[in-house]
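Have a look at the structure below, then the notes.
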């Protein structure tokens, strides 16, 4: 007997369930026990075996398969009605069970029909391996995302690997075999008979829709996606999932699965920000709104308010919000490449693309609307999304979901209003504000200028007036660019954009403080991106962005060169405001780890090349953000160096994490390994293009420690310095390790300590004053810091130390001769190297009696501490510290102007040079 209290809510709401139980008392008896347990894949396997019977063959005949699958679907649907409406089943159980049912049904139908066909025509075989070749069945939409609703149809695409012929007596081509297989499978799933149906099936998402073949080879799919794939198909393929269906013994579809994923991922997720796609997605959003409004108006507007899927604030709008962020950002942020909606929403929240509160409210709305959708479908087992118009039925729906009528209506209205508002503002929400993303006809940067020319002749006049003798050269270069072979080979739309972009670039250059330089550098950039239609679209159709680029390249030739070398950084200019936000290193680290974890090959192994490229892209993006702030004067040289050093530390930490599994053979072992930074990174004085001076230390009792950590050091060096398609992460210099190039690549702590006490030269102790633990095992890092402190506080003969320091200074000087009369800010007397040598001498000479000098605080702070300790006059410490700060600032400014050697006229920086010389004479003179 059934338990009335357990089934009562479901029976009160679902007429379908009442009729089924009245007609099938055995189902009613079975249901009372089944609803007490979650519907899991294992439970469904058990039900399928019970329905097939103990003597059933491994592959059911087609007729038996039809009947068993329909009865299985009835069991699943009936149990879910009760468990869902009594609050026992969460959304994940409901959609998971329906997805598992679809996977099982498709696999069973495929096996049955394939066996029938193979008995007549033989098996299709892979020409390369001779093994049976499976059909690849791709679940699209909610089936692909493992989030089917309880009365959903299923969208399928049928694919196969290689062309060929079957091996039976009545041979047919693979194309024909898989086409027949698809055609015969569909009724097994979707035809309505006395037992109902399993799933309505839809094949219209395949290439060419209803007019295309039922099954496509992977090669044909590749040609289609590359040549004809449209933006809405990217949206469709986002959730595409290869279903677990196998019909033939000894088949192996792993290679075909990898090939399919290698086609899907780059088609859906573009590495470069695609502004053509953005426009298409914006149009898609408007079409979603307009199509539904038009259809709703033909039905007196009733459905618009009542349709919880397609109406305002409905499920479709939530899906668009989440999937838009995936399509726009997913190519550069692999962690967003999720098929499930809630999983993707969580990834977007962690990536900082969706605020925490908005993500929570979207999830709450999605769960509420999906549960309401399921309740509507439970009522008569219909694929409906319409709320009842009748007040009594509306109240019954609220009761079925555990709400009072008023609470249900208020909750529904709140969720839909928030979703509708979010949908309207979706481009702003994902970092593409409407004012930034929409092609502008004018802006504060461009149209507001009173000097902007209105015609080509006026533009030419202004160019001649502003550029003088250079005007003709610029106009000629614009003409050459427009007619170049690279431009002529572009699609028609991109040639048109070039015609718009070149005069627009000259107009933008005219608005900068350095028009000629800006024009030349903009043309260099345009020439570099001429083959990338997405970037041509960005600069040609978004005047604000072009104006920003013009200002940047006018301000700094180094910035212009950096942007030209790495044009993907143009993406960062879309949301200009974010460039001025401080770097959130914790967020960068979290997102980088998530994205690198998501860089997987189809077999689950890490995609190392993609991981290396991603790390380089992240480093460029973060550096570019700092560059933008630097050019606007928002960062001091010291703050910039701190930020660049912190970024390097973060990337070193991630490099250890990625390289360690490649060399470690002991399961669960963690690397007892530390990266020690010397030089500019050690002193936190890193520049945009600085090398990393590194030493690798380890402290591990394992027998193969020396070998494994040497391999780790080599792997890390390769990971950091190898040139990939995204460039090089950092140049690495390991010559400061014990014994230099002749020494071990990774050194044990014990050996390092002995070397520093017994064999190190004075200059190596000088270098140690600027060394610090940068990343790796904190315990090894702390042990290094203790060794460093012990070395620095050792008593030293001041006179002997002075002679060694002076000898090293002369050696440095000889290595950087200056035959000009200009002052070299770094190497000449009175320059930065003098300050650094004096500071290092003070630390080595006096840290034993003044331990505060041991701390790696930077030259300016250490000079101040030396003054406070009475080691040098306090006013001299202040003046020389200020001089060092000024020298660094001027050096940085010169390098931003593209100057290779930072040198100034002999009459410049006289006060600073005098202060440094006074410091040198006082301490070492």
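Numbering (UniProt numbering), first residue to last: 1 to 925.
The beta carbon of each residue, even a glycine, is placed where N, CA and C say it ideally should be.
For residue 761, three-class secondary structure by DSSP: coil
Segment limits, alpha helix (DSSP H) that includes residue 522: 515-528
7 Å CB neighbourhood of residue 65 in its chain, flanking five on each side removed: 108, 109, 112 and 188
Cβ-Cβ separation, residue 580 to residue 667 (assumed contact under 8 Å), whole Å: With a Cβ gap of about 46 Å, residue 667 and residue 580 do not count as contacting.
For residue 881, the three-state DSSP class (helix, strand or coil): helix
Inter-residue Cα distance where the pair is residue 391 and residue 81: 23 Å
Integer-rounded CB distance, given that residue 401 should sit under 8 Å from residue 372: 7 Å
Buried versus exposed call for residue 169 [16 or more other C-beta atoms within 10 Å across all chains shown]: exposed
Uninterrupted alpha helix (DSSP H) stretches inside the region 693-733 (no shorter than 4 residues): 705-721
Alpha-carbon spacing of residue 881 relative to residue 899, whole angstroms: 24 Å
Inter-residue spacing [alpha-carbon to alpha-carbon] between residue 638 and residue 864: 16 Å
Alpha-carbon to alpha-carbon, residue 690 and residue 895: 12 Å
Local Cβ density within 10 Å of residue 95, reported as buried at 16 or more and exposed below that: buried
Buried/exposed call for residue 37, threshold 16 Cβ in 10 Å: exposed
Sub-8 Å separation of residue 370 and residue 91 beta-carbons: yes
Nearest-angstrom Cα separation, counted from residue 181 out to residue 162: 16 Å
Residue 541 to residue 505 span [Cα, whole Å]: 12 Å
Cβ-based neighbour list, residue 44, same chain, cut-off 8 Å, excluding 5 preceding and 5 following: 72, 76, 97, 100, 101 and 104
Assigned exposure category for residue 804 - 16 Cβ within 10 Å defines buried: buried
Residue 656 versus residue 716: straight-line alpha-carbon distance, rounded: 7 Å
Simplified DSSP assignment, three categories, for residue 690: coil
Beta-ladder partner(s) of residue 165, from DSSP: 173
Cβ separation of residue 167 and residue 123, assumed to be a contact under 8 Å, to the nearest whole Å: 6 Å
Own chain, CB closer than 6 Å to residue 789, minus 5 neighbours either side, in chain order: 854
Runs of alpha helix (DSSP H) lying entirely within the region 209-287, each at least 4 residues, in chain order: 218-227, 231-237 and 254-268
Classification of residue 757 by the beta-carbon crowding that lies within 10 angstroms, buried from 16 upward: exposed
Best match in 607, 699, 195 and 84 for proximity to residue 777 [C-alpha to C-alpha]: 699
Where residue 759 falls, given that 16 or more other Cβ within 10 Å makes a residue buried: exposed
Inside the region 546-579 only - alpha helix (DSSP H) runs reaching at least 4 residues: 557-565
Inter-residue CB distance, residue 567 and residue 610 (contact presumed, cutoff 8 Å): That pair is no contact at about 19 Å.
Three CB pairs or more closer than 8 Å across the region 541-554 and the region 512-521: yes
Cutoff 7 Å; reference residue 679; Cβ partners in own chain excluding five residues on either side: 693 and 770
Rounded Cβ spacing between residue 213 and residue 179 (contact assumed at less than 8 Å): 6 Å
Local conformation of residue 677 per DSSP, three classes: strand
Residue 919 versus residue 775 - alpha carbon distance: 35 Å
Span of the alpha helix (DSSP H), counted from its first residue to its last, around residue 542: Here residue 542 belongs to no alpha helix (DSSP H), and DSSP marks it neither H nor E.
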